[in-house]
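Numbering (the working numbering), first residue to last: 153 to 550.
This report refers to the structure that appears directly beneath it.
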Amino acid sequence: MPDNPVSKLRKYPVSERTNQLSPSGIRRFFDLLASTEGVISLGVGEPDYSTPWHISEAAIKSLEKGYTMYTSNSGIPELREALSRQLKADYDVEYDPDDEILITVGSSEALDLSMRAILNPGDEVIMPDPCYVAYDPCVIMAGGIPVKVPTTEENNFEIKATDIERYITDKTKIILIGYPANPTGAVLSKEQLMQIAEVALHNHLLVISDEIYAKLVYGEEHTCFASLPGMKANSVILGGFSKAYAMTGWRIGYAAAPAEIIAAITKIHQYTMMCAPTMSQVAALEALKSGDDSVAEMVDDYNRRRIFIVKGLTDIGLSCFEPKGAFYAFPSIQCTGMTSEEFAEKLLTEQKVAVVPGSAFGQYGEGYVRCCYATSLADIEEALSRMKRFVNRYYKEG
Ligand SMILES: Cc1ncc(COP(=O)(O)O)c(C=O)c1O
Numbered sequence: 153m154p155d156n157p158v159s160k161l162r163k164y165p166v167s168e169r170t171n172q173l174s175p176s177g178i179r180r181f182f183d184l185l186a187s188t189e190g191v192i193s194l195g196v197g198e199p200d201y202s203t204p205w206h207i208s209e210a211a212i213k214s215l216e217k218g219y220t221m222y223t224s225n226s227g228i229p230e231l232r233e234a235l236s237r238q239l240k241a242d243y244d245v246e247y248d249p250d251d252e253i254l255i256t257v258g259s260s261e262a263l264d265l266s267m268r269a270i271l272n273p274g275d276e277v278i279m280p281d282p283c284y285v286a287y288d289p290c291v292i293m294a295g296g297i298p299v300k301v302p303t304t305e306e307n308n309f310e311i312k313a314t315d316i317e318r319y320i321t322d323k324t325k326i327i328l329i330g331y332p333a334n335p336t337g338a339v340l341s342k343e344q345l346m347q348i349a350e351v352a353l354h355n356h357l358l359v360i361s362d363e364i365y366a367k368l369v370y371g372e373e374h375t376c377f378a379s380l381p382g383m384k385a386n387s388v389i390l391g392g393f394s395k396a397y398a399m400t401g402w403r404i405g406y407a408a409a410p411a412e413i414i415a416a417i418t419k420i421h422q423y424t425m426m427c428a429p430t431m432s433q434v435a436a437l438e439a440l441k442s443g444d445d446s447v448a449e450m451v452d453d454y455n456r457r458r459i460f461i462v463k464g465l466t467d468i469g470l471s472c473f474e475p476k477g478a479f480y481a482f483p484s485i486q487c488t489g490m491t492s493e494e495f496a497e498k499l500l501t502e503q504k505v506a507v508v509p510g511s512a513f514g515q516y517g518e519g520y521v522r523c524c525y526a527t528s529l530a531d532i533e534e535a536l537s538r539m540k541r542f543v544n545r546y547y548k549e550g
């Protein structure tokens, strides 16, 4: 038989680098969930609110006016200017809208491109474990090596500067942190962040700070990493509109960083995305102009649900660290003797409640499950009563 180049290609369709990635532990659960009826989902990490109407309306009006073309690669100037003003007003940090802010397709794109723009093959990126599911893959896809720093419930799942220091090698290039954190809801205090900043400066490391949940904090004040002494020049801030403004489907995020980093990120952005969706940028601008009241209402509501779910989980015997930000509770399920995957799978099939196994977020997430409380109080109440039946059935003494 003649050599067939097509069949050869078919035999090796994907790169070794892609083969290194494991499929998201969250996605597998969503597939299971989609095929089961009557499920209460504490699974998906997104607001149950629709986007506030005045924000959607601004986008609709822009379509009516015919704003349907590409924007500049960096994003519409008005949006970059408004973001720059907001970062100054909220955190007293100054970013030049012309060359220090890039509007991206969700903060996901900003994370991916930051890694690709900065890492050389074999560079190490220090990050907490457990952490957001995209951190490892983005580092691996950029040719880097994720290095995990364990965080534990005893330490409120906070990543400590002293622990970070122990994992630094001559290959370390980036410290990647995200707070408020997904999946734990942990926040880091200004003092803790200052200590991380000192370690970064001392070791000439860049900090990438994922602050997508910055506005979702309860009784705490968010500190923007770039506002710490010496850190604006040594950090990349990732942010976005998905969570605080209930705009997950609009896909708008941003990176704020020194001009040379933004220029490098923009080089990849211009050849891949070209620009973020035009009408979504208009919506994001409206969110910045007049979305504060809606955010405050949603935050109040999440806070009520947070208090309710943490108490509820504790009452049914699942000890739960108090999350101070985002919209996740991360209870321990060790009293059942199950792995987090067994727990989540059985809970879904037997009681029709969806949670995400902690192991999806890293080795140190084992023994926990993530419960997203961005859902109605009535659903949380029903989910808790189903979980109570489940825990009573499988509870194992000591
Ligand atoms: C910690 C964290 N960072 C980034 C993202 C991505 O958000 P988006 O791309 O919608 O801005 C998420 C979404 O769940 C997240 O939890």
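Note that beta-carbon positions come from the ideal geometry of N, C-alpha and C, so glycine has one too.
Fair warning: this is a prediction, and the values are worked out from it, not measured in the lab.
When you compare only the Cα positions, how much space is there between residue i and residue j?
i, j, result
"residue 530", "residue 271", "46 Å"
"residue 498", "residue 447", "36 Å"
"residue 361", "residue 542", "38 Å"
"residue 261", "residue 545", "43 Å"
"residue 352", "residue 283", "19 Å"
"residue 214", "residue 220", "8 Å"
"residue 525", "residue 457", "6 Å"
"residue 500", "residue 191", "8 Å"
"residue 409", "residue 388", "5 Å"
"residue 363", "residue 535", "29 Å"
Count the other CB atoms, across all protein chains shown, that sit within 10 Å of the CB of residue i; report buried if there are 16 or more and exposed otherwise.
i, result
"residue 336", "buried"
"residue 167", "exposed"
"residue 520", "buried"
"residue 172", "exposed"
"residue 342", "exposed"
"residue 548", "exposed"
"residue 433", "buried"
"residue 316", "buried"
"residue 405", "buried"
"residue 186", "exposed"
Can you find the residues in the same chain that come closer than 6 Å, C-beta to C-beta, to residue i, ignoring five residues on each side of it along the sequence?
i, result
"residue 553", "Residue 553 falls outside the range modelled here, since the chain spans only 153 to 550, and no answer is possible."
"residue 273", "295"
"residue 309", "303, 336 and 338"
"residue 523", "194, 481 and 507"
"residue 504", "190 and 191"
"residue 348", "313"
Skipping 5 residues on each side, what residues in its chain have a beta carbon closer than 7 Å to that of residue i?
i, result
"residue 206", "438 and 442"
"residue 245", "239, 376, 378, 379 and 384"
"residue 346", "380"
"residue 369", "332, 339, 476 and 477"
Might you give, ordered along the chain, the residues of its own chain that have their beta carbon closer than 8 Å to the beta carbon of residue i, omitting 5 neighbours on each side?
i, result
"residue 411", "248, 251 and 252"
"residue 350", "313"
"residue 419", "269"
I'd like to confirm the pairing. Which residues does DSSP put opposite residue i in its beta bridges?
i, result
"residue 300", "279"
"residue 405", "256 and 392"
"residue 324", "276"
"residue 465", "According to DSSP, which records beta bridges pairwise, residue 465 is partnered with nothing at all."
"residue 480", "524"
"residue 361", "329 and 389"
Cβ of residue i within 7 Å of any heavy atom in ligand 3?
i, result
"residue 243", "As presented, the structure is devoid of ligand 3, carrying ligand 1 as its sole ligands."
### Message
So, does the stretch 483–493 touch the stretch 255–266, judging by three or more C-beta pairs under 8 Å?
### Response
no
### Query
If we count Cβ pairs, one from each stretch, closer than 8 Å, do we get three or more for the stretch 274–294 versus the stretch 321–329?
yes
### Message
Closer than 8 Å is the cut-off here; do at least three beta carbon pairs connect the stretch 421–428 with the stretch 225–236?
### Response
yes
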